[in-house]
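Counting in the working numbering, the sequence shown runs from 39 upward without gaps.
Glycine is no exception: its CB is placed at the ideal position from the N, C-alpha and C atoms.
In this text the structure is predicted, and so the values were computed from the model without any measurement.
Report on the structure given below.
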Amino acid sequence: MKLLQELSSSLNRLFLFELKDGNRIEAVFYRGDTLCISTQVGCAVGCKFCLSGSVGLLRNLSTEEIFGQYQLLKGRIPIRRIAIAGIGEPLMNLEKVLSAFWEFKRAGLRVSFYTTGFPYENLRKLLHLPHNGISLSIHSLREDVRKFLLPHGGRLERVLRVLEEELPKMSPRRRKKISLAYLLIKGFNDLEEDIHLLGNLAKALRLSVTLLRYNQTVPSFEDVGDEHYHRLFLMLRSMGVRVTLSTRFRRDELGGCGRLLVNRA
Ligand code: SF4
């Protein structure tokens, strides 16, 4: 595996790696301290708002290839945090992801995850790791809308059942590290009643919400706009829900959400 190329925008630095079999994957450095890394070559979930899954799943990455993205960059950029949020669904390659996770921890790094929650039994294991954050992709409380947006991301009902069973076993401090990620998409999941359902779920589970803006550089859908975003944010806050706001890094054309590619031309 080798570092092939670096591309930069005013916000993000994108790194292209070539694997031994010739496939190419990507990682992004953002916020001045965080490296977002990939766990698979492609992705089987096929989220409609993400280009990483457009080739399907070609193969899993090995532990060396997951950890290698950090190893090849650590001398050049000040990495303090790893976001396992690049190409791939980490729960679909959990064994290799876990071995890499422990290597990251041994290197003194903070490690957080983004996941759809499927396979369900792997979510159960992930929740109890000494991670520094899990954002669980919800995106709609309506099963049909979620299935449309995340075609192979599992059933929401099953994901929520795992949370209901596992969260009570966790301390309040560990519970605070888990949030429900909700990507607002104009006309799909942005009604006040959608956000009301989300707020009620967050309160019932005692979890925070990460309220994400759509990355308009992925052409599939539309962003809800500043005003509507702030209205929905205030609505959640007025319900007593802790809300983390979307960041500009996520909406960049280079390395923003949904923009990582397998075998970039
Ligand atoms: S958002 Fe994540 S899970 Fe969905 S297709 Fe992209 S890489 Fe896969």
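Checklist entry - Helix, strand or coil: which one does DSSP assign to ARG296? => result Here the question's residue 296 lines up with position 258 in the sequence shown. The amino acid at residue 296 is misidentified as Arg; the sequence shows Gly. Reduced to three states, the DSSP call for GLY296 is coil.
Item to check | According to DSSP, residues forming a beta bridge with GLN43 | outcome: For the purposes of this step, residue 43 is taken as the residue at position 5 of the sequence shown. Residue pairing of GLN43 in beta bridges, as defined by DSSP: LEU54.
Next on the checklist: For VAL93, which residues in the same chain have their Cβ closer than 8 Å to its Cβ, ignoring the five residues on either side in sequence?
Outcome noted: As a working mapping, residue 93 is identified with position 55 in the sequence shown. Annotation for VAL93: GLY80, VAL300 and ASN301 place their beta carbon closer than 8 Å to its own, counting only its chain and skipping 5 residues before and after.
Checklist entry - Quick one: is the Cβ of CYS88 within less than 7 Å of any heavy atom of the ligand SF4? => result Here residue 88 refers to the residue found at position 50 when the sequence shown is read from its first residue. Yes, the beta carbon of CYS88 sits closer than 7 Å to at least one heavy atom of the ligand SF4.
Checklist entry - Helix or strand or just coil, what does DSSP make of ILE104? => result Taking the first residue of the sequence shown as position 1, residue 104 is located at position 66. The DSSP-derived three-state label of ILE104 is helix.
Checklist entry - Would you report the Cα separation of LEU111 and LEU161, rounded to the nearest angstrom? => result By one-based count along the sequence shown, residue 111 stands at place 73. By one-based count along the sequence shown, residue 161 stands at place 123. If I take the Cα positions, the gap works out to 29 Å.
Checklist entry - In angstroms, rounded to a whole number, what distance separates the CA positions of GLU181 and HIS190? => result Walking along the sequence shown from the start, residue 181 turns up at place 143. Walking along the sequence shown from the start, residue 190 turns up at place 152. Rounded to whole angstroms, GLU181 to HIS190 spans 12 Å at the Cα level.
Next on the checklist: According to DSSP, simplified to helix, strand and coil, what is GLY171?
Outcome noted: Here residue 171 refers to the residue found at position 133 when the sequence shown is read from its first residue. Looking at GLY171 - three-state DSSP - the assignment turns out to be coil, as it is neither helix nor strand.
Checklist entry - Which partner residues of LEU250 appear in the DSSP bridge assignment? => result Reading the sequence shown from its first residue, position 212 is the one you call residue 250. LEU250 has LEU221 as its beta-bridge partners, per DSSP.
Item to check | C-alpha distance - TYR267 paired with ARG251, whole-angstrom precision | outcome: As a first step, residue 267 must be located in the sequence shown, where it is residue number 229. As a first step, residue 251 must be located in the sequence shown, where it is residue number 213. Rounded to the nearest angstrom, the two C-alpha atoms are 8 Å apart.
Next on the checklist: For the alpha helix (DSSP H) containing GLY263, name the first residue and the last one.
Outcome noted: Taking the sequence shown and counting its residues from 1, the one referred to as residue 263 is at position 225. Neither: GLY263 is in no alpha helix (DSSP H) and is coded neither H nor E.
Checklist entry - CA-CA distance, LEU272 and ASP261? => result Start at 1 with the first residue of the sequence shown, and residue 272 comes out as number 234. Start at 1 with the first residue of the sequence shown, and residue 261 comes out as number 223. Each residue's Cα considered, the two are about 17 Å apart.
Next on the checklist: For ASN227, count the other beta carbons within 10 Å of its own beta carbon; 16 or more makes it buried, fewer makes it exposed. Which is it?
Outcome noted: As a first step, residue 227 is located in the sequence shown; it is residue number 189 there, counting from the start. Counting Cβ neighbours within 10 Å, ASN227 comes out buried, since at least 16 surround it.
Item to check | Supposed close pair ASN170, LYS134 - CB separation, criterion 8 Å | outcome: Mapped onto the sequence shown, residue 170 falls at position 132. Mapped onto the sequence shown, residue 134 falls at position 96. Contact flag wrong, Cβ pair sits at about 20 Å.
Checklist entry - Quick one, which of LEU229, THR154, GLU291 and ARG211 has its alpha-carbon nearest ARG196's? => result As a first step, residue 196 is located in the sequence shown; it is residue number 158 there, counting from the start. Per the Cα distances, THR154.
Item to check | Opposing strand residues paired with ALA82 [DSSP bridges] | outcome: Reading the sequence shown from its first residue, position 44 is the one you call residue 82. In DSSP, ALA82 forms no bridge with anything.
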